[in-house]
Every structure is written in structure tokens, then in C-alpha cells.
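Notes follow once the structure below has been shown.
Structure follows, in C-alpha cells:
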């Protein structure tokens, strides 16, 4: 078997994730022929000349994508590489595919699904993934799991156990959406920004944005991230961890904070492609790491305008909802162009304005709570490096460790001791829910009608 590791980390040879691939090479030297293509560090060169990548892909019968997860899906550099691969016409059909990724497990599942879906688009035979903590290779357990992953890969390839792309009906042609909503009277006092990556050919998306602006009761600004002169994608260098300043001097931080994050509502608008949207949006996503792990837009309102078959993209839907939930923003919904586009746009515009007027808020669900706790523990452990994050977390009460709830812990231990008594158990039988409801009954007693 000829294995090609596609190293999508912008750090190249210095990638932490790549060390797992190197480990497999040394651990199983006679099992396969190995080669590495450094796509992340050389993505700009590959944009100009893709021939080296074509040659490497053609020579391999198994491709393993190797990459870090920065936020929700694969990094911009791999996203762009997938676009270039599809555009080049190089055949990946019938080749085996797997992936090795490292992260702190913050939405590694959506990153894995994104790569799987795109591999299946290319006609590849998908074998699975190793999603490791970035420190796992240093432990015996982590190395054993890497062994298990690779031995399972060899076993599945030998026995023809793989996932293939399901058959889909061809996309039905749809008429272009034409703006149809009347312009609402505008009020001052709130700032709404639409952040988009609309290209010239994204006619539907551009028309949808126009109608959203028409329907909004507040003025709407449009910022197209394709127009910003990015010098490159996030390098994962951690230069911003202490100072909050990006190593690039292209002005992105000022652009982000002054043109986008100052708004009261942030609406994201894009066309679905490659199970997300064009890589220009992922470039924007990743470069926001200058904010570290800080929820700087918490309390604001967000929503989406999405052109394309969004209803068929389960992984993308999870990303959209989770992004809003983790950020602490109020999610006003999604307007698409698969049904009554005008109605959906009008509904989104009205909901955004209503949320702004009322100051709506919603509790975090599993997406938000789980993601926040991962970052809470990470920042606390690495506070010496992540100084800006640490200060923010202390100031905003993110360090809500359960061991701080000493009163609750003592009370529960005392209750546990009481419950060991047969006499108490007999007395409490069937009464537990009564006692559980007592604090809620006090809240209801004090509740008055809202005027």
C-alpha cells in the first residue's frame, strides 16, 4: 500500500499533528510505502502550480489527511486544498482515505465529518479517523490508540470495509431568486452588519442580502470578506495568545473589531459549497483566533442567510447552531432559498430587529456548555501562555469549576449521610420530588405579571 500523508498544518514539518504520522512510519516501516505532501505550509504555491500535488495523489492508493482543528472544521489551508483538488480534475476515485487530526476535541466531530463528506465527493473509499488530543502521542495510551487506528485501517483496506458515497439525485435547477420585499422604514439606534463572501456569480445570495436589507427595520451594513487583503491564513503560532495581536500586519484585527464586532447584530451570508462555503470564509474564521478563546460577541444577535441545499447539510447545520451557542449570541435563525425565500428573509429580518429591541437571551445547550467547558479547562491549565484569555475568563466568571460550589457539595454530602438511615429513607419515600420543588415554588410565589 502506498500511503500519502497530506499534511495540512501551516507549520509544515513542525506540526504537532504530523508527529503522529511520523510515529506510524517508524512503528510500521514495512507495512506500506509512505510519502508526505506539505499542503498547509505551501498552499499559496499550490494555487499557482498544482502539478506536484497531482503527481503525489496519482502515485498513492491511500490518502491520509493530517491536520489540526482550530475551529469547527479543517483549517483554511486544507479547505483551500480540497477546492484546488476538485478544480484540478485529478482522479481520487477508488483510493482509500482516512484522517488524523489533533485538537482539544472542540468540535472535532464536525471537522471529521467535513473531511469525510468531501472525500466521498471525490469518489474515495473512507476508512475512518484518529481524533487525538494534541498531547496524546506523549502517553503510552495515546500511542496505543494510534497503533489501533493504523492496524484497523490496514485490516479494513484488506477486507474491503469502507464507506462509499451514497447515490444522490442530480440537483434540480431552480430559478434565480429576484428581490421582492418592499423597503421597510428605517429607525436609527441599532447597527446590523451582514458578513458575506459573496462572489460575483452568487446571484441568489446577493439578491437575498438585498431583500434582507429591504426588510430590516434598522440600517444594514454589508462587509464582504473577499475584499479584505488577507496576507495569509492562521499559522497556529500562538503569537496572539499573550498579546492578543496577530503576527500578520495586514490590519485584520482593526477590521474585525471596528467593522464587524462593534455591530449589535452579526448576520452571516454565504452560498453552500463543499459542505461548508468557499474557503474565503474559513480564512476569515481562522484569523479570528486573534480573539483567542474569548466570547467577545456574547450578548449580540446573530443569524444566517444561506443559499443552496442547506437542508441536506446536517453537519453544516450543526456548525451553524453550535457557533451561535458557544459564542453566547442570540440565534435569530436561518433564511434559505429552498422554499419561500422572501418569507424566510422577512422573518429573519423581523426576528433580528425584535431580538435587538427586546434584548433577547437564551441559555446555552450542549453545544455551548460542552464547548465552553473544554476551553475553560484548557485556558486555566495554560494560563501562563494564554494570558489574554485567562484575564477575560476571570473577569467574566467563566471559571465555574464544580469544586468552587462548596456549599452545594457539603449539603449533598450531608443529605447522602442522612439518606443512608433506613428511618430517613422510610420518611422520605415518595417525598423527594416535593423537596426538589420547594425552591421553585418560592420563585413562582414571587413572580408578578410583566407589564
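Numbering (our numbering), first residue to last: 356 to 806. We put the CB at the ideal spot given by N, CA and C, even for glycine.
- Task: Tell me where the beta strand (DSSP E) around residue 362 begins and ends.
- Result: The continuous beta strand (DSSP E) containing residue 362 extends over residues 357-362.
- Message: Would residue 422 and residue 433 be called neighbours here (beta carbons separated by less than 7 Å)?
- Response: The answer is yes: Cβ separation under 7 Å.
- Message: Quick check: the Cα distance between residue 524 and residue 657, rounded to an integer number of angstroms?
- Response: If I take the Cα positions, the gap works out to 33 Å.
- Pull up the distance between the alpha-carbon of residue 573 and that of residue 565, whole angstroms please. Computed Cα separation, rounded: 14 Å.
- Task: Look at the alpha carbon of residue 680 and the alpha carbon of residue 723, and state the distance between them as a whole number of angstroms.
- Result: When rounded, the distance between both Cα atoms is 5 Å.
- Query: Over what stretch of residues does the alpha helix (DSSP H) that includes residue 539 continue unbroken?
  - Reply: DSSP places residue 539 outside any alpha helix (DSSP H), giving it a letter other than H or E.
- Item | Supposed contact pair residue 753 and residue 736 - C-beta distance, whole angstroms, cut 8 Å | Contact between residue 736 and residue 753 is ruled out by a C-beta separation of about 13 Å, above the 8 Å threshold.
- Query: Going by alpha carbons, who is nearest to residue 571 out of 711, 426, 377 and 363?
  - Reply: The shortest C-alpha separation from residue 571 is found at 711.
- Please work out which residues of its chain come closer than 8 Å, Cβ to Cβ, to residue 332, disregarding the five sequence neighbours upstream and downstream, and give them in chain order. Residue 332 cannot be examined here, being either before or after the span of the chain that is shown, 356 to 806.
- Message: Under 8 Å: do the segment 507-518 and the segment 528-548 share three or more Cβ pairs, one atom per stretch?
- Response: With a cut-off of 8 Å, the segment 528-548 and the segment 507-518 do not count as touching, because too few Cβ pairs lie within range.
- Message: By the three-class DSSP mapping on this structure, what secondary structure does residue 686 have?
- Response: Correct three-state label for residue 686: strand.
- Message: What would DSSP say about residue 573, mapped onto helix, strand or coil?
- Response: Looking at residue 573 - three-state DSSP - the assignment turns out to be coil, as it is neither helix nor strand.
- Message: Judging by CA-CA distance, which residue of 666, 683 and 766 is the nearest neighbour of residue 300?
- Response: The chain is shown from 356 up to 806; residue 300 falls before or after that span and cannot be answered.
- Item | Nearest-angstrom Cα separation, counted from residue 771 out to residue 612 | Here the alpha carbon of residue 612 sits roughly 51 Å from the alpha carbon of residue 771.
- So residue 497 packs on residue 447, CB below 8 Å; how close in whole Å? Contact doesn't hold; Cβ gap of about 30 Å is too wide.
- Query: Taking the Cβ atom as the reference point for each residue, do residue 689 and residue 661 lie within a distance shorter than 7 Å?
  - Reply: In this structure, the beta-carbon distance from residue 689 to residue 661 falls below 7 Å.
- Thinking residue 390 and residue 359 are a contact (beta carbons under 8 Å), I'd like their distance in whole angstroms, please. The Cβ separation is near 5 Å, so the contact holds.
- What residue does the alpha helix (DSSP H) around residue 377 start on, and which one ends it? Unbroken alpha helix (DSSP H) run through residue 377: 373-382.
- Task: Please list the segments of the alpha helix (DSSP H) lying wholly inside the segment 626-684, counting only runs of 4 or more residues, in order along the chain.
- Result: With a minimum length of 4 residues, the continuous alpha helix (DSSP H) runs that stay inside the segment 626-684 are 634-642 and 669-682.
- Measuring CA to CA, which of 356, 397 and 384 is closest to residue 362? Ranking 356, 397 and 384 by Cα distance to residue 362 puts 397 first.
- Message: Check whether the segment 413-421 and the segment 606-625 touch, using three or more Cβ-Cβ pairs below 8 Å as the test.
- Response: With a cut-off of 8 Å, the segment 606-625 and the segment 413-421 do not count as touching, because too few Cβ pairs lie within range.
- Where the alpha helix (DSSP H) through residue 420 begins and ends: Annotation for residue 420: no alpha helix (DSSP H) segment contains it, though the beta strand (DSSP E) segment containing it runs 417-423.
- Taking only beta-carbon atoms, is residue 677 less than 7 Å away from chain B? Reference to chain B is not applicable here, since this structure consists of a single protein chain.
- Task: Alpha carbon to alpha carbon, how far is residue 505 from residue 521? Give it in angstroms, no decimals.
- Result: Each residue's Cα considered, the two are about 25 Å apart.
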